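Q: Have a look at the structure that comes next, please.
Protein chains in written order, with my numbering: chain Z, 9 to 299; chain X, -15 to 301.
If you want it as structure tokens, here you go:
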């Protein structure tokens, strides 16, 4: 952007740019077409859906499909969206809040076992979470939490996971200690220092963690697959699988409605990404460069 | 009275690894703030890790008590389970296809976006969107795109004169490659690309200028400057991508007609574990399989960390 106004005419450079834009356009089709096709299919009538050759743009877009899919009792998409929203909101708040608390403890306090605890925390990042899956399942089974949403969000309230703790700890360490000490001298307790002084300064880092958690939790398939078994308890991911296995509800083909449900499942994460793109990119990059 | 009290306070301080009363107070608060994670580590990490190690030596259907069977589960996996070796083979084959394609592809995307063209941000966002879509929705959409008779991909292939286009997910000959294709599409513009892009932007511009003065061509600049300087990021991405590939699951559960199908073509190790543990409730056998996978993942991480010293360039050293 910056450079373009100053750029002088240069045939070699022009050729190069034309070639690069051509490649980019091919990539736009590769990445964009499946999404555009889904949107288009979700706006068709069922005869149009099966039509050959298919039209990319339906003549009269059936926006009503979105209303219909939200009101089809056999596939309660609205319930799934609400269940997913509940899980995602609770997971995101739990992860950001408790991992900030733990990170505060690791970054600012001296106590026996702290470094060992931190070492174990880092070790969980390299240990495959797969081996914890079966015992966690047994645990929630024994606690009578099958077919409830609890197994999906409760673990997030216990520190949220090593990634978040590690990331926020780095941020706490970048905040000067004088700030805490001044507040301490003024008579503020540690909870108050955490909540009113440090947490606000941590805003961007918390936003990053919140967005990453939100996207991962919204798209999660494995846990809902293990824990949920009745359609009224499904989250979006497992609900889409259920819908996909029975796209003919009551004998009527509803593939266009399935596509509408797919589009709706994409909206929250894409929206969150656009709102917080800056923080998200920052977070991914940080995880990559400091690893 | 006074000395005893001091003595007790001193003991507490020594126990917490600190000296003054003020520090004792701080240390106690430190424990309080770390408490959620201490509980979480025990209940959701350490406990389960040891529990699954124990279960892997038992026969356990979750209803009745676990029954100790020694190494029988591991013996079964390595000798009599007809799907164990094939599922590992398919997982490795998927990894061998997926990892190089995604890494080379996302590096090329990142380099393309690093050319300072107009509109780069828009392209970057568009390439990233598949990464935001729930994996299940991706699988469902591609299932329709790849439909052998009605899907737009085969419509297109027939339109350009390919009489007999592949049956994609519908045939056991092409299902695994189709699942790979879907995963590559979803991963290409994702986190890997962002990490590479940031790494490329961190390469000092004057390195290239100096190389140009010395008459270096584009390929020399890439192999001699770009790649060595971004090698820490490549290394990091490589580990993450291999680990993610070995855990391939969702696409294989959704996109083919039957999970892991057709005729076991996409029956990856996690699909196998899922069926054994959660559908047939063989928790002991499932735990043993999980540990086999875990050991493979750990071995990969170790191998890479050991070999990294040879080819990863760290600026500070």
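Note that CB positions come from ideal geometry on N, CA and C, so glycine has one too. Source: prediction; values computed, not measured.
DSSP three-state label for residue 23/Z, please.
A: In the first chain, the residue the question calls residue 23/Z occupies position 15. Residue 23/Z: helix per DSSP, three-state reduction.
Q: Output, in chain order, the set of chain Z residues within a Cβ distance shorter than 7 angstroms of residue 302/X.
A: Outside the modelled stretch of chain X, which goes from -15 to 301, sits residue 302/X, for which no answer is possible.
Q: By how many angstroms is the C-alpha of residue 153/Z removed from the C-alpha of residue 159/Z?
A: By one-based count along the first chain, residue 159/Z stands at place 151. By one-based count along the first chain, residue 153/Z stands at place 145. Going by the C-alpha atoms only, they are around 7 angstroms apart.
Q: Under 8 angstroms by Cβ, that's how I've got residue 230/X and residue 79/X pegged, so tell me the actual separation to the nearest angstrom.
A: On the second chain, residue 230/X is found 246 positions in, with the first residue counted as 1. On the second chain, residue 79/X is found 95 positions in, with the first residue counted as 1. About 6 angstroms separates the two Cβ atoms, so the contact holds.
Q: So, is the C-beta of residue 45/Z closer than 8 angstroms to a C-beta in chain X?
A: Taking the first chain and counting its residues from 1, the one referred to as residue 45/Z is at position 37. Judged by the 8 angstroms Cβ criterion, residue 45/Z is in contact with chain X.
Q: What residue range does the alpha helix (DSSP H) around residue 274/Z cover?
A: Your numbering for residue 274/Z matches position 266 in the first chain. Element bounds for residue 274/Z: 263 to 283.
Q: Quick check on residue 178/Z - is its C-beta less than 8 angstroms from some C-beta in chain X?
A: Walking along the first chain from the start, residue 178/Z turns up at place 170. No, residue 178/Z does not count as interfacial toward chain X.
Q: Can you tell me where the alpha helix (DSSP H) with residue 185/X in it begins and where it stops?
A: For the purposes of this step, residue 185/X is taken as the residue at position 201 of the second chain. Residues 175 to 185.
Q: Work out the CA separation of residue 101/X and residue 25/Z for me, nearest whole Å.
A: In the first chain, counting from the first residue as 1, residue 25/Z sits at position 17. In the second chain, counting from the first residue as 1, residue 101/X sits at position 117. If you take the alpha carbons of residue 25/Z and residue 101/X, they lie about 8 angstroms apart.
Q: How about residue 72/X and residue 209/X: do their beta carbons lie closer than 8 angstroms?
A: Here residue 72/X corresponds to residue number 88 of the second chain, with the count starting at 1. Here residue 209/X corresponds to residue number 225 of the second chain, with the count starting at 1. No, they are not a contact pair.
Q: With residue 9/X as the anchor, note down where its alpha helix (DSSP H) starts and where it stops.
A: In the second chain, residue 9/X corresponds to position 25, counting from 1. Residues 5 to 24.
Q: What distance in whole Å lies between the Cβ atoms of residue 120/X and residue 7/Z, which are believed to be in contact at a cut-off of 8 angstroms?
A: Given that chain Z is displayed from residue 9 to residue 299, the structure contains no residue 7/Z and the question cannot be resolved.
Q: Hey, quick one: how far does the alpha helix (DSSP H) through residue 164/Z stretch, first residue to last?
A: Translated into positions along the first chain, residue 164/Z becomes position 156. Neither: residue 164/Z is in no alpha helix (DSSP H) and is coded neither H nor E.
Q: For residue 113/Z, which residues in the same chain have their Cβ closer than 6 angstroms to its Cβ, ignoring the five residues on either side in sequence?
A: On the first chain, residue 113/Z is found 105 positions in, with the first residue counted as 1. Excluding positions up to five away in sequence, the list is empty.
Q: Does the CB of residue 301/X have a neighbour CB from chain Z at under 8 angstroms?
A: Stepping through the second chain from its first residue, residue 301/X is reached at position 317. Caution applies to residue 301/X, whose pLDDT of 44 falls short of 50 and renders its modelled position unreliable; the value that the coordinates give is listed next. With 8 angstroms as the cut-off, residue 301/X does not count as an interface residue toward chain Z.
Q: Does the region 22 to 35 of chain X touch the region 142 to 157 of chain Z, meaning 3 or more C-beta pairs lie closer than 8 angstroms?
A: Yes, the region 142 to 157 of chain Z touches the region 22 to 35 of chain X.
Q: Unbroken alpha helix (DSSP H) runs of length 4 or more, entirely within the region 91 to 151 of chain Z: which are they?
A: Listed in chain order, they are 122 to 134 and 138 to 150.
Q: Following the continuous alpha helix (DSSP H) through residue 201/Z, name the residue where it begins and the one where it ends.
A: On the first chain, position 193 is the one that residue 201/Z refers to. Note, residue 201/Z: premise wrong, no alpha helix (DSSP H); not H, not E.
Q: Under DSSP, the alpha helix (DSSP H) around residue 99/X begins and ends at which residues?
A: What you label residue 99/X is simply residue 115 of the second chain in a count that begins at 1. Run containing residue 99/X: none; DSSP gives neither H nor E here.
Q: Can you list the residues of chain Z that residue 20/X reaches, using a CB-CB cut of under 8 angstroms?
A: By 1-based counting over the second chain, the position of residue 20/X is 36. Residues of chain Z passing the Cβ test: 106, 109, 110, 165, 166 and 167.
Q: Would the beta-carbon of residue 95/Z fall within 8 angstroms of that of residue 165/Z?
A: By 1-based counting over the first chain, the position of residue 95/Z is 87. By 1-based counting over the first chain, the position of residue 165/Z is 157. No, the pair does not count as a contact, with Cβ atoms beyond the cut-off.
Q: Please classify residue 235/Z as buried or exposed, where buried requires at least 16 neighbouring CB atoms within 10 angstroms.
A: By one-based count along the first chain, residue 235/Z stands at place 227. That one is buried.
Q: Between which residues of its own chain and residue 104/X is the CB-CB distance below 6 angstroms, once the five residues before and five after are set aside?
A: Mapped onto the second chain, residue 104/X falls at position 120. Counting only Cβ-Cβ distances below 6 angstroms, and skipping sequence neighbours, we find 97.
Q: Kindly indicate the opening and closing residues of the alpha helix (DSSP H) around residue 153/X.
A: Here the question's residue 153/X lines up with position 169 in the second chain. No alpha helix (DSSP H) holds residue 153/X; DSSP gives it neither H nor E.
Q: Name the DSSP bridge partner or partners of residue 52/X?
A: Here residue 52/X corresponds to residue number 68 of the second chain, with the count starting at 1. In the DSSP output, where bridge partners are listed per residue, residue 52/X has 42/X.
Q: Are the Cβ atoms of residue 162/X and residue 152/X separated by less than 8 angstroms?
A: Stepping through the second chain from its first residue, residue 162/X is reached at position 178. Stepping through the second chain from its first residue, residue 152/X is reached at position 168. Their beta carbons are under 8 angstroms apart, which means residue 162/X touches residue 152/X by this criterion.
Q: Going along chain Z, which residues have a C-beta under 7 angstroms from residue 267/X?
A: Mapped onto the second chain, residue 267/X falls at position 283. Correct list: 142 and 146.
Q: How would you call residue 195/Z, buried or exposed, if buried means at least 16 neighbouring beta carbons within 10 angstroms?
A: In the first chain, the residue the question calls residue 195/Z occupies position 187. Label assigned to residue 195/Z: exposed.
Q: Using the beta-carbon of each residue, which ones in chain X are nearer than 7 angstroms to residue 200/Z?
A: Start at 1 with the first residue of the first chain, and residue 200/Z comes out as number 192. Going along chain X, no residue has its Cβ under 7 angstroms from residue 200/Z, so there is no contact; the nearest lies around 11 angstroms.
Q: Between 86/X, 257/X, 59/X and 1/X, which has its C-alpha nearest residue 167/X's C-alpha?
A: Start at 1 with the first residue of the second chain, and residue 167/X comes out as number 183. The option with the nearest alpha carbon to residue 167/X is 86/X.
Q: Give the straight-line distance between the Cα atoms of residue 27/Z and residue 58/Z, rounded to the nearest whole angstrom.
A: Your numbering for residue 27/Z matches position 19 in the first chain. Your numbering for residue 58/Z matches position 50 in the first chain. Rounded to the nearest angstrom, the two C-alpha atoms are 37 angstroms apart.
Q: Mind checking whether the beta-carbon of residue 200/Z lies closer than 7 angstroms to any heavy atom of the ligand ZN?
A: The model on display carries no ligand, and the ligand ZN is accordingly not part of it.
Q: Please report the distance separating the alpha-carbon of residue 282/Z from that of residue 190/Z.
A: If you number the first chain from 1, residue 282/Z lands on position 274. If you number the first chain from 1, residue 190/Z lands on position 182. Looking at the two C-alpha atoms, the distance is approximately 38 angstroms.
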